[in-house]
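Have a look at the structure below before the remarks.
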Amino acid sequence: MAKEDEVFAIGIDLGMKSSCVAVWLEQHGRVEIIHDQLGNKTTPSFVAFTDNQRLVGAAAKYQAVTNPENTVFDAKRLIGRKYSDPIIQKDKILWPFKVIAGINDKPMIVLNYKDQEKHLSAEEVSSMVLMKLRENAEAYLEFPVKNVVVTVPAYFNDCQRKATEDAGSIAGFNIIRIINEPTAAAIAYGLDKMSDCVGERNIFIFDFGDDTFDVSLLSVKDKIFQVKAIAGNTHLGGKDFDNRMVNYFVKEIKRRNKVDISGHPRSLGRLRNTCQMAKRTLLYAVITDIEVDALFQGIDFCSSITRAKFEEINMDLFEECMETVDRCLTDAKMDKRSVHDVVLVGGSSRIPKVQELLQDFFEGKDLHKSIDPEEVVAYGASVQASVLSKSIKNIPNLDVTSLALGISIQGDVMSVVIPRNTTIPVKRTEEYSTVEDNQSSVLIQVYEGERTRASDNNLLGFFTLSGLSPAPKGHPLDVCFAIDENGILFVSVEDKTTGKKNEMTITNDQRRPSAEKIRRMVGEAEKYQDEDKISCGTLIKFEKGMSVMQTDLSRRNPHEDVSKEEKSYSSTTINSSLSLAEIDQQACQNAMVKMFVALELPFRSVEHEAFREFLSITAPFLKVISPTSLAGDVLKLWKSDKVKLDKFLSQHCHRVCLTIDTWTSSQNLNYMCLTAHFIDNNWKLQKTMLNFCQITSQSEKTMVKTVEHCLNNWGLNLVLTLTVNNTSSNDIEIQYLKKRLMSWNNLIMKGDYTHMHCCAHILNLIVMEGLKEINDSILRIRAAVKYVRSSPSRLSKFKACVELQNIEFKGLLFYDAILRLSGSTYVTSNIYMFEVFGIGRKIKQMCNSKNVSVSIMAENMKKKYDKYWGNPDHLNIFLLIALVLHPRYKLQFVHWLINQNFGDGEALKLKDKVESSLRLLFEEYGGGTNEFENEGVGSNKSELSKYLEEALEESHKDLDVLNWWKLNSSRFPILANIARDLLAIPVSIMTSESAFSIEEKVLDSYRSSLTPKMVEALICTQDWLKGTPSPLSSNEDFEELEKFEQDYGQKTRGMCGGNRPWHNLFEQHSRVEIIHNDQGNRTTPSFVAFTDNQRLIGDAAKNQAAANPTNTLFGIFSTLAFFLLFICRLLASQMSGEISYNYCRCEEVNW
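Just so you know, the UniProt record's numbering puts 207 at position 207 of the sequence shown, and the rest follows in order with no gaps.
Below is the structure:
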């Protein structure tokens, strides 16, 4: 096929799990991907040793199941690293073969071959794969091949690149260039002359293989390629999709056949192979069948999976890919709209959902996939190989440094000379100085990495410059770093005054094999090759399969990729003013995520200039994440907290009480909020949001199906009550849901009292009905309060009027102060009916008022009250039983309370109903059928009878009901279980921001702009971060406000005419400045006037007073104060004769 005088240079993509080789054919003007003897265009990067032969490629891969200890793969993860590297320590537990520490901490693979133990380095294993590829190329070209361009991941450091060169030398290659994999992919598409872009062209490389994920941003200008930024995940790939499918079908097999195959590797292996084929089928089909004969215990498994289901079970992996894409663009400080081309690399990039998300992210930009994604890297490498062999016109390319390079300076600080992502070749010089007088030598320690502390980075080498002339400290020295086109690092240090110089080339000789050892390895490789030829006739037959190209790029931030040296090196003697700050990056990031969730900050805030400036000052070493990464972290936090909550519910929640609430977004999307209320094993009242999920509509069927689905997901099948607002549609919804719950056979007392009405909603309706009569007065009062509160001087004069009237007043005047039940405050249900009946009695008293307005207000309120609480047949018996379970009340108090609110006939029926319901409830909880009749003596008395006959708890003592039942649960175990369930019944569905409001609940614009999944993650996680509810307290905020206002009043009293002048304003002039108004006057008339079309204040109002006296106000401060006090006093006396004047603050006048 080739002429005798032709010299071919090939390109090799040396992948993690599979490799590919290609060549530029000058006579055809194209690249040819070279296949192996079986016709496959990719070769598995596997090497295996049996009892009598060595296997490489597909033959090694297909016998790995039966010979795992002697089958090596992932050599690319080992090459150029130390055995103590954390990455190797983490990965070695996943490998079936054994890895030990060799000389100089070099990782060595232990194998058995011909009954002998052999130790192979990663370079030797990789050389065997390269040799196999060379054989395939020579068989295709019919000509010897020596020159090769090999690709490596962009994050490979100098040691790893040199180790790859050594592998090539062992395989008999002359490696003419090591290039980055994304650079090769760019070269593959860069051959086409693009004329649609002026200036620099930006290309995004999306490399998604079977085992790794790698994205890169490159630019090309004047046919020069430059890598701008890289990001990725070394353990994310197609195998993860396979695992998800296997787990999905393992659960289906368990559900169908009641068998678990998760502990049977052979069955799992067969199912995995079938899932891999199904995954490939779904690339072009929307549904595929899964069939495995005799999968386990003779069971023939047959099922199917749709593309939609495949995408659903892997959606979080797809989202992680998009987060990495966004992170790469953030690192490059480039907007996605500036990207001109998107190139797909790797077999997993063929997945339709991946391409859809990627295209949506880049706003519909077409994806480059004309070259097979599994072959594009080898394609570009072969083009570069041809360039370097002068076969076609030279196309230069520029790689970048994968990690920062620098030296250690005083304090073990890493001083960066060449930053990460710097284009190579490059040469940089930095000036340093000595730190001691008459210093005779300096130690130069060269590191690579992103950590602030030098010893946390990777030490490349060190050398000393001796013979410095005596001089005071601060003597200047020049340190020069230079990297050539092959990525080789040269470091030198020079004394600027004497010209004395020392330098070194970073070759890492201690870990690299010597020339003699390389020659020995070459000999052994040739020996293996001869043995392979002898035994090739016994090569096992195997099914041809599809392999996918791999790449290897770290998922983490660069500073996390660098291995941490176990040994601490002595700090260098070069001076610097830098200081070292210890920061736990992950802890800081987690705290920042929780802060954004708790404070409801938009994700885009991380890009705000003020936020970044704040971090640059307070935490300069903290890496700022992008909005997309922050969103991803929120989702991770939500999922991890969800797992914790699920475990907590399974351990602590016996029977749950639910509240259901509906919301809408500004886009008119409907959401349902489902909250669980229960008392845990420690008798602590728990209130936690389960779901905040999108629903297609607010119809009863949709709501019920959503609730049922949520309960199934949480494993909550025992429901006590459902609390909703009081719309008629909710009544229908509850009835439908009760039927579903009854089918689960889990409702107490046949579900007769499952439906709970929202107390806050009912109270609001009652209050609004009464307020209609005095609405105008309320509006005027609010306007007056607002006017006084808007100025410290007005408030001060108001207080003066109050003192003049000898009224007790602490200094607060509220415009709108409503007692709110926040997420951290919550009450038990035993006080509910007591308060409800108390409100009813107050309203009845007001109906008899001699004041006509008050009487009318009360009558209106009574009508609304009677609708919900006036009919004994409509009362929820659970709440009266909860009152019985209060050890200070019991049945005697409940009987008295009923008699106070209903006539004798109705009261008697209700008392009998409460007692009979209590007996039935006790029976359902396991108390027997004749507990009320067992009223004998001693041990014959029932648990219920003992509780009811015991003396009531003393009223003068503080009583914690939950703690009482906790202490007495051993005496009354059945009643304690009842109390634990009934005392958790919520009386309201209202959240803190909507307490006592019946307005439609609408998400703010920020939350409305997010996806439904992100909305649920934010709201639920925020609720979970609040923790356990605490006892109700309504005074703390007012006390704090009083203290604040008093302090504020003292500070500003001088400005309002008080005794103490405020000297701080113009202290630099040693005088007080009187501030004039816009007309230059230093006093402003206290006049306010209203004309037909405007409001006038000050001089303008005073000047027109003669012509408009009836609409001009002056001297109004005392008048306004007396007016406000009079109205508040009047309202207080009308609402309840028991309210004294000091309760004029609006928290008491909630009517």
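Yeah, the Cβ is synthetic: ideal placement off N, Cα and C, and Gly gets one too.
| Query | Result |
| --- | --- |
| Helix, strand or coil at V707 [DSSP, three-state] | helix |
| S262 - DSSP class collapsed to helix/strand/coil | coil |
| Residue environment, F614, which counts as buried when at least 16 other CB atoms sit within 10 Å | exposed |
| Unbroken alpha helix (DSSP H) run spanning M833, endpoints | Y832 to C847 |
| Among C710, A1089 and S855, the one whose alpha carbon lies nearest that of E769 | S855 |
| Per DSSP, cross-strand counterpart(s) of K501 | E494 |
| Q445 burial status per 10 Å Cβ neighbour count (16 or more: buried) | buried |
| Which residues DSSP lists as bridging P425, in chain order | P425 is not bridged to any residue. |
| Beta-carbon proximity list for A101, same chain, < 6 Å, skipping 5 on both sides | Y83 |
| Local conformation of P558 per DSSP, three classes | Unreliable placement is indicated for P558, whose pLDDT of 36 sits below 50; no coordinate value is reported for it. |
| Cβ-Cβ distance between L879 and Y947 below 8 Å | no |
| Cα-Cα separation between W869 and K797, rounded to whole angstroms | 46 Å |
| When T434, T422, R980 and S492 are compared against W683, the one with the closest alpha-carbon | R980 |
| Residues of its chain near L78, where Cβ-Cβ distance is below 6 Å and the 5 sequence neighbours each way are ignored | P107 and A122 |
| Inter-residue Cα distance where the pair is I407 and I103 | 26 Å |
| Host beta strand (DSSP E) of T659 (start-end) | V656 to T664 |
| Outcome for L14 when other beta-carbon atoms lying within 10 angstroms are tallied against a minimum of 16 | buried |
| Three or more C-beta pairs below 8 Å linking the stretch 379–391 and the stretch 39–48 | no |
| Residue of L918, D958, L465 and Q53 minimising C-alpha distance to I978 | L918 |
| In DSSP terms, what K221 is bridged to | I224 |
| Bounding residues of the beta strand (DSSP E) (the contiguous stretch that carries P472) | No beta strand (DSSP E) contains P472, which DSSP labels as neither H nor E. |
| Simplified DSSP assignment, three categories, for S453 | The question names Ser, yet the displayed sequence has Arg at residue 453. Looking at R453 - three-state DSSP - the assignment turns out to be strand. |
| Cβ pair count under 8 Å reaching 3, the stretch 1000–1011 against the stretch 704–723 | no |
| Where the alpha helix (DSSP H) containing Y865 begins and where it ends | V852 to Y865 |
| Between the CA atoms of F318 and V354 - distance to the nearest angstrom | 6 Å |
| Residue range of the unbroken alpha helix (DSSP H) whose run includes K118 | Counting along the chain, K118 falls outside any alpha helix (DSSP H), though it belongs to the beta strand (DSSP E) covering Q116 to S121. |
| Beta-carbon gap between I178 and V215 smaller than 8 Å | no |
| Alpha carbon of K501 to alpha carbon of G467, nearest angstrom | 10 Å |
| Cutoff 6 Å; reference V416; Cβ partners in own chain excluding five residues on either side | A404 and G406 |
| DSSP three-state assignment for F362, whether helix, strand or coil | coil |
| N-terminal and C-terminal residue of the beta strand (DSSP E) that A294 is part of | I287 to F296 |
| Residues sharing a beta bridge with T688, DSSP | A676 |
| Closest Cα partner of T42 within the set S969, F678 and V377 | V377 |
| Extent of the continuous beta strand (DSSP E) run through T306 | I299 to T306 |
| E933 (DSSP reduced to helix, strand or coil) | At E933, the pLDDT of 47 sits below 50, so the modelled position is not reliable and the matter cannot be decided from this model. |
| N180 vs V152 beta-carbon contact at 8 Å | yes |
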